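Here the protein sequences line up with chains G and U, keeping their order. Under our numbering, the first residue of the first sequence is numbered 15, with each subsequent residue one higher. Under our numbering, the first residue of the second sequence is numbered 15, with each subsequent residue one higher. All residues carry an ideal CB built from backbone N, CA and C; glycine is no exception. Fair warning: this is a prediction, and the values are worked out from it, not measured in the lab. These notes are about the structure you will find just below.
There are 2 protein chains.
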Amino acid sequence: MAKVAVLGYGTVGSGVVSVLDTNAAEVEKSAGEALELKYILDLRDFPGDKHEAQVVHDINVILDDPEVEVICETMGGIEPAFSFEKSALEKGKSVCTSNKELVAAHGPELVELAKKNGVSYLFEASVGGGIPVLRSLNDSLKHEKVDSITGILNGTTNYILTKMDKEGAEFSKVLKVAQEKGYAERNPEADVEGYDACRKIAILASLMSGKHVNYEDIYTEGITKVTIEDFAYARTMGMAIKLLAMCKRNENGFFTMVSPFLIPLENPLASVNGVFNAINIHGNMLGDVMFYGKGAGKNATASAVVADVIDIVKHRGKHINVNMKAEKAVISSKDNAVRSFFVRVPLEQEDQAKEIFGSKIEVIDGGEANHEFAFVTDMISEKDFEERLWKLDSVKGYIRLF
Amino acid sequence: MAKVAVLGYGTVGSGVVSVLDTNAAEVEKSAGEALELKYILDLRDFPGDKHEAQVVHDINVILDDPEVEVICETMGGIEPAFSFEKSALEKGKSVCTSNKELVAAHGPELVELAKKNGVSYLFEASVGGGIPVLRSLNDSLKHEKVDSITGILNGTTNYILTKMDKEGAEFSKVLKVAQEKGYAERNPEADVEGYDACRKIAILASLMSGKHVNYEDIYTEGITKVTIEDFAYARTMGMAIKLLAMCKRNENGFFTMVSPFLIPLENPLASVNGVFNAINIHGNMLGDVMFYGKGAGKNATASAVVADVIDIVKHRGKHINVNMKAEKAVISSKDNAVRSFFVRVPLEQEDQAKEIFGSKIEVIDGGEANHEFAFVTDMISEKDFEERLWKLDSVKGYIRLF
Chain G
15 MAKVAVLGYG TVGSGVVSVL DTNAAEVEKS AGEALELKYI LDLRDFPGDK
65 HEAQVVHDIN VILDDPEVEV ICETMGGIEP AFSFEKSALE KGKSVCTSNK
115 ELVAAHGPEL VELAKKNGVS YLFEASVGGG IPVLRSLNDS LKHEKVDSIT
165 GILNGTTNYI LTKMDKEGAE FSKVLKVAQE KGYAERNPEA DVEGYDACRK
215 IAILASLMSG KHVNYEDIYT EGITKVTIED FAYARTMGMA IKLLAMCKRN
265 ENGFFTMVSP FLIPLENPLA SVNGVFNAIN IHGNMLGDVM FYGKGAGKNA
315 TASAVVADVI DIVKHRGKHI NVNMKAEKAV ISSKDNAVRS FFVRVPLEQE
365 DQAKEIFGSK IEVIDGGEAN HEFAFVTDMI SEKDFEERLW KLDSVKGYIR
415 LF
Chain U
15 MAKVAVLGYG TVGSGVVSVL DTNAAEVEKS AGEALELKYI LDLRDFPGDK
65 HEAQVVHDIN VILDDPEVEV ICETMGGIEP AFSFEKSALE KGKSVCTSNK
115 ELVAAHGPEL VELAKKNGVS YLFEASVGGG IPVLRSLNDS LKHEKVDSIT
165 GILNGTTNYI LTKMDKEGAE FSKVLKVAQE KGYAERNPEA DVEGYDACRK
215 IAILASLMSG KHVNYEDIYT EGITKVTIED FAYARTMGMA IKLLAMCKRN
265 ENGFFTMVSP FLIPLENPLA SVNGVFNAIN IHGNMLGDVM FYGKGAGKNA
315 TASAVVADVI DIVKHRGKHI NVNMKAEKAV ISSKDNAVRS FFVRVPLEQE
365 DQAKEIFGSK IEVIDGGEAN HEFAFVTDMI SEKDFEERLW KLDSVKGYIR
415 LF
């Protein structure tokens with residue numbers, strides 16, 4: 015009987031408790047023994063709750079109880095979660111978490127601390143909700159040379175982009191509806207500016223490189239500049255617009271970025287709609303494999319936390335190896351990344367655009383109706399693109415092509 | 015240093031050797047030790063091959079060598095693969111295989127034999143090529159109550175259906191091109207009649223139920239009756255036509271079938287095109303999670319075999335639990351499954367069809383041009399549908415709705 019404590023009785027934490035209750039028999043079968051929820055840490059009391067008696071307010075009750083083997087940190091944020099996790103690992107307790115901010119910021123050092131103390135630090139739920147992508151990367155696909163990981167990692171922005179596309183509604187209107195429905199936060203910055211996707215690709219990139227990819231080093235653009243006109247052009251081009259988070263291996267190390275991209279409809283990422291997430295992994299022998307599912311949601315995320323608890327119990331007394339060292343990864347600048355760009359300029363700048371971007375541009379139909387000139391550049395580097403863009407008198411917008 | 019033998023130096027077998035060679039460092043890192051290919055069993059010699067010296071013709075050389083820990087059976091077919099695998103397990107060697115025919119027919123007894131002998135029997139590569147779906151079912155998702163598994167499990171038929179849809183070419187023409195390109199066998203029956211998908215869903219259904227789902231008990235329809243007219247109607251209806259293999263939990267046990275289905279374009283399975291496979295798993299807490307990738311191909315399939323070898327080496331001296339007992343699963347008849355059906359009858363039978371299928375049918379546009387009447391029935395049971403269908407003077411075709 016393994017004893018478990020849950021830190022934070024909010025959405026994910028109460029989901030973890032719910033999975034442990036509802037699927038107790040399956041959890042026992044999978045872990046090889048029953049799991050007992052011994053404590054729930056929260057500032058609040060929960061009178062009348064089935065687990066009222068397990069609620070404690072002092073982390074030390076949990077840390078000082080030698081019976082507690084596994085701690086599920088589902089509080090979110092950096093502090094006090096970071097201190098609690100460190101103390102738990104130092105006291106020989108394994109930790110699993112859904113806390114993407116903390117894993118992106120301090121995951122590698124927490125993995126090393128777990129290793130030093132002969133326990134485990136797992137964080138499946140921090141990326142892609144219930145999708146078992148980290149365990150696959152760390153296990154079934156570990157013998158692959160992973161060349162690239164490309165994902166739609168934020169359900170809120172994907173919901174907004176899908177609605178803009180299908181209903182022709184402006185960003186601000188769709189955001190408002192998403193907020194009303196609870197799909198977007200009242201302060202939507204972390205989602206719409208790409209910060210959440212950035213933290214998740216930092217975690218995936220760290221696992222891919224085996225080092226620490228700092229999320230602050232990742233070039234990140236959100237979706238606030240994407241317009242309904244862009245979607246009309248995308249349809250003309252047989253493409254979809256998605257906020258992609260990507261990490262690619264190149265000759266210098268790794269390149270990673272978050273940005274809206276035009277992707278061909280044939281690409282399976284193009285048909286990932288609504289609040290769904292998807293992560294494509296390309297391995298040198300395997301080719302492409304894609305994982306798809308709800309990237310958030312109480313029970314799906316909680317299910318991934320419980321999968322980590324089970325893994326820890328199955329490997330009692332052993333550190334589960336996670337390919338992530340605290341050493342900083344070398345991240346290439348985006349300057350040398352080569353791609354095409356879709357650009358919209360005022361109609362009167364057609365000649366200027368042609369002069370600046372050369373003869374190899376492809377004109378996209380539909381510009382005149384919007385009093386603009388829309389085109390796709392030849393393959394050029396990000397740096398080259400930026401320099402040419404500066405030469406234009408004005409730009410209505412641009413989107414990268416995948 | 016774990017010693018490995020490969021049985022059958024054909025497509026998958028040579029792929030396994032290639033993965034072990036090309037990714038030796040990654041394989042060692044994942045397994046925690048290097049793997050050495052000690053033998054390749056084949057009837058042929060391979061003069062000039064890098065691994066010429068490892069080729070043997072007598073299985074007993076391998077079975078009698080106590081150094082060989084893991085055997086990769088990549089021969090395919092029932093015999094002699096079945097005898098070889100049994101002997102290996104009895105001699106305390108673990109076995110992993112890509113052989114779906116054998117796993118569907120005898121997997122559960124081989125798992126039990128492995129357990130009895132304290133070794134492992136794994137078969138990730140038998141379903142979905144390189145997609146790590148069995149390991150996920152058996153590991154990350156084992157604490158879920160899986161309600162249903164729905165998959166596009168055969169790349170050849172998916173390629174043919176995709177071509178028919180996108181190019182408007184008839185089944186027989188597309189099949190011929192697929193055969194020329196090597197995407198379809200010269201004898202295409204196993205693919206186009208659904209037998210291959212049937213074996214794969216039998217394996218998934220066995221893992222889902224924990225018992226033996228006999229593939230001979232699974233109702234199976236292939237794609238030979240799907241026409242280009244059907245695709246035109248499907249587009250009108252906002253749907254795609256896919257060969258689905260499914261297993262659902264119901265009050266009586268399990269229901270499983272293979273058949274072409276009309277599925278809404280919003281369903282992520284609808285946009286799985288070409289030779290790709292996808293498997294959707296629905297868990298009670300997790301909701302939907304889908305795995306997508308190439309369902310065949312030398313290196314992808316081989317990569318999954320190597321993942322099994324690594325798992326076995328990591329768990330040396332331990333039987334890796336696989337949820338599959340030899341006890342027969344109870345499979346419900348399809349008679350009680352309830353759904354809508356898309357039906358096409360000659361135009362002059364419109365009144366008869368309306369009389370037989372009642373007022374709740376939905377007429378689908380486009381029938382008159384084909385001198386026919388096309389409609390979708392209300393939700394009715396398979397048995398009810400079949401009985402009504404018999405009452406019609408003639409039927410041009412029908413497809414189930416998902």
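Residue from the options with nearest C-alpha to residue i
| i | options | result |
| --- | --- | --- |
| Val117 of chain G | G:Asp379, G:Val336, G:Asp392, G:Phe356 | G:Val336 |
| Ile378 of chain U | U:Ala128, U:Leu49, U:Lys64, U:Met253 | U:Met253 |
| Ile215 of chain U | U:Lys177, U:Ala259, U:Met178 | U:Ala259 |
| Val227 of chain G | G:Glu243, G:Asp205, G:Met271, G:Asp244 | G:Met271 |
| Ser186 of chain G | G:Val206, G:Gly169, G:Asn291, G:Gly196 | G:Val206 |
| Leu136 of chain U | U:Leu221, U:Leu189, U:Lys180, U:Ala204 | U:Leu221 |
| Thr36 of chain G | G:Glu376, G:Leu103, G:Phe98, G:Ser317 | G:Ser317 |
| Val327 of chain G | G:Lys43, G:Gly91, G:Val26, G:Asn74 | G:Lys43 |
| Tyr412 of chain G | G:Ala183, G:Leu49, G:Glu243 | G:Glu243 |
| Gly91 of chain U | U:Lys368, U:Glu126, U:Val84, U:Ala119 | U:Ala119 |
| Ala343 of chain G | G:Val409, G:Val125, G:Phe268, G:Phe245 | G:Phe268 |
| Gly121 of chain G | G:Ile54, G:Asn74, G:Ala219 | G:Ala219 |
| Ser28 of chain G | G:Ala383, G:Gly311, G:Glu364 | G:Gly311 |
| Ala383 of chain U | U:Ala246, U:Ile345, U:Arg263, U:Leu403 | U:Ala246 |
| Ala204 of chain U | U:Leu167, U:Ala183, U:Met178 | U:Leu167 |
Contact with chain G by residue i, beta-carbon distance below 8 Å
| i | result |
| --- | --- |
| Ser134 of chain U | no |
| Leu300 of chain U | yes |
| Arg149 of chain U | yes |
| Ser28 of chain U | no |
| Ser220 of chain U | no |
| Asn37 of chain U | yes |
| Ile370 of chain U | no |
Min CB distance residue i to chain U below 8 Å
| i | result |
| --- | --- |
| Pro282 of chain G | yes |
| Ile145 of chain G | yes |
| Phe305 of chain G | yes |
| Ala128 of chain G | no |
| Asn172 of chain G | no |
| Ser223 of chain G | no |
| Glu40 of chain G | yes |
| Ala16 of chain G | no |
| Ser317 of chain G | yes |
| Arg285 of chain G | The amino acid at residue 285 of chain G is misidentified as Arg; the sequence shows Ser. Yes, because at least one Cβ of chain U sits closer than 8 Å to the Cβ of Ser285 of chain G. |
| Ile324 of chain G | yes |
Exposed unless 16 or more other CB atoms sit within 10 angstroms - verdict on residue i
| i | result |
| --- | --- |
| Ile237 of chain G | buried |
| Glu280 of chain G | exposed |
| Arg200 of chain G | exposed |
| Pro274 of chain U | buried |
| Met89 of chain U | buried |
| Val30 of chain G | buried |
| Thr176 of chain U | buried |
| Lys107 of chain G | buried |
| Arg213 of chain G | buried |
| His157 of chain G | buried |
| Glu194 of chain G | exposed |
| Lys239 of chain G | exposed |
| Gly62 of chain G | exposed |
Integer-rounded CB distance, given that residue j should sit under 8 Å from residue i
| i | j | result |
| --- | --- | --- |
| Phe371 of chain G | Arg414 of chain G | Going by Cβ atoms, the distance from Phe371 of chain G to Arg414 of chain G rounds to 15 Å, so no, they are not a contact pair. |
| Leu276 of chain U | Phe416 of chain U | 7 Å |
| Gly144 of chain G | Ala314 of chain G | 3 Å |
| Thr234 of chain G | Tyr197 of chain G | The pair is not a contact, with the Cβ atoms about 21 Å apart (cut-off 8 Å). |
| Ala292 of chain U | Leu283 of chain U | 6 Å |
| Val320 of chain U | Val41 of chain U | 6 Å |
| Ser162 of chain G | Cys86 of chain G | Ser162 of chain G to Cys86 of chain G, Cβ: 31 Å. No contact. |
| Gly169 of chain G | Phe290 of chain G | 7 Å |
| Glu369 of chain U | Val390 of chain U | Actually they do not touch by this definition, with Cβ atoms about 17 Å apart. |
| Ser395 of chain U | Asp349 of chain U | 6 Å |
**Report entry** Residues within the segment 153-169 of chain U neighbouring chain G, beta-carbon criterion of under 8 Å
**Finding:** Cβ contacts with chain G: Asp153, Ser154, Leu155, Lys156, His157, Glu158, Lys159.
Query raised in the report: Which of the residues in the segment 192-205 of chain U, read from start to end, lie with their CB under 8 Å from any CB of chain G?
Result: Residues of the segment 192-205 of chain U that bring their beta carbon within less than 8 Å of a beta carbon in chain G are absent altogether.
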